[in-house]
Amino acid sequence: MSFPLDLQFALIDDDTGELVAFILPEFPDHAPDEMREGLVRRRLAALHGRCPCDAPMVLPNRAERRRARTEHELRVRVDHHPECPGDDHNIAAALARWER
Ligand SMILES: [Zn+2]
Numbered sequence: 816m817s818f819p820l821d822l823q824f825a826l827i828d829d830d831t832g833e834l835v836a837f838i839l840p841e842f843p844d845h846a847p848d849e850m851r852e853g854l855v856r857r858r859l860a861a862l863h864g865r866c867p868c869d870a871p872m873v874l875p876n877r878a879e880r881r882r883a884r885t886e887h888e889l890r891v892r893v894d895h896h897p898e899c900p901g902d903d904h905n906i907a908a909a910l911a912r913w914e915r
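The numbering of the sequence shown is my numbering, which starts it at 816 and goes up by one.
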């Protein structure tokens, strides 16, 4: 199964609201540096709760978790600095350049 490189999800206990696990994309061996740096920063944000660009990780709130029960996905939000390689737009752009 291939998992989109620009997505990351959280698995959260329905009753307690506690974080159980993260679902992160597999790290591609031959990705260009900008892609690797972006993915590393996203993993650091997941592990430490904050990206090196100083953006905090925001877990889905109760309403978002309730909606996710029907949508089967729960996205983690990190509002990266616009120039951070881990930012959604920068990851997507790096991915598009790599796949071209
Ligand atoms: Zn960042």
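Beta carbons are placed, not taken as given, at the ideal position from N, Cα and C, and that holds for glycine. Since we're looking at a predicted model, the values are computed, not measured.
Run of the beta strand (DSSP E) containing residue i, from where it starts to where it stops
i	result
residue 825	824–827
Residue i versus residue j - alpha carbon distance
i	j	result
residue 835	residue 880	13 angstroms
residue 901	residue 844	17 angstroms
residue 822	residue 853	12 angstroms
residue 837	residue 862	9 angstroms
residue 816	residue 824	With a pLDDT of 46 at residue 816, under the threshold of 50, the modelled position of that residue is not reliable, and the figure given next carries that caveat. For residue 816 and residue 824, the distance between alpha carbons rounds to 16 angstroms.
residue 855	residue 830	31 angstroms
residue 858	residue 905	15 angstroms
residue 911	residue 866	23 angstroms
residue 914	residue 820	12 angstroms
Residue interval of the alpha helix (DSSP H) (run including residue i)
i	result
residue 891	Unbroken run through residue 891: none, as it is neither H nor E.
residue 912	903–914
Residues sharing a beta bridge with residue i, DSSP
i	result
residue 837	825
residue 873	892
residue 865	871
beta-carbon residue i near ligand 1 non-hydrogen atom, thresh 7 angstroms
i	result
residue 904	no
residue 870	yes
residue 877	no
residue 896	yes
residue 864	no
residue 858	no
residue 901	yes
For residue j and residue i, believed in contact at Cβ under 8 angstroms, the rounded distance
i	j	result
residue 860	residue 893	5 angstroms
residue 832	residue 890	Incorrect: roughly 16 angstroms between the Cβ atoms, too far for contact.
Distance cut-off 7 angstroms: residue i Cβ against heavy atoms of ligand 3
i	result
residue 867	Ligand 3 is not part of the structure shown, which contains ligand 1 as its ligands.
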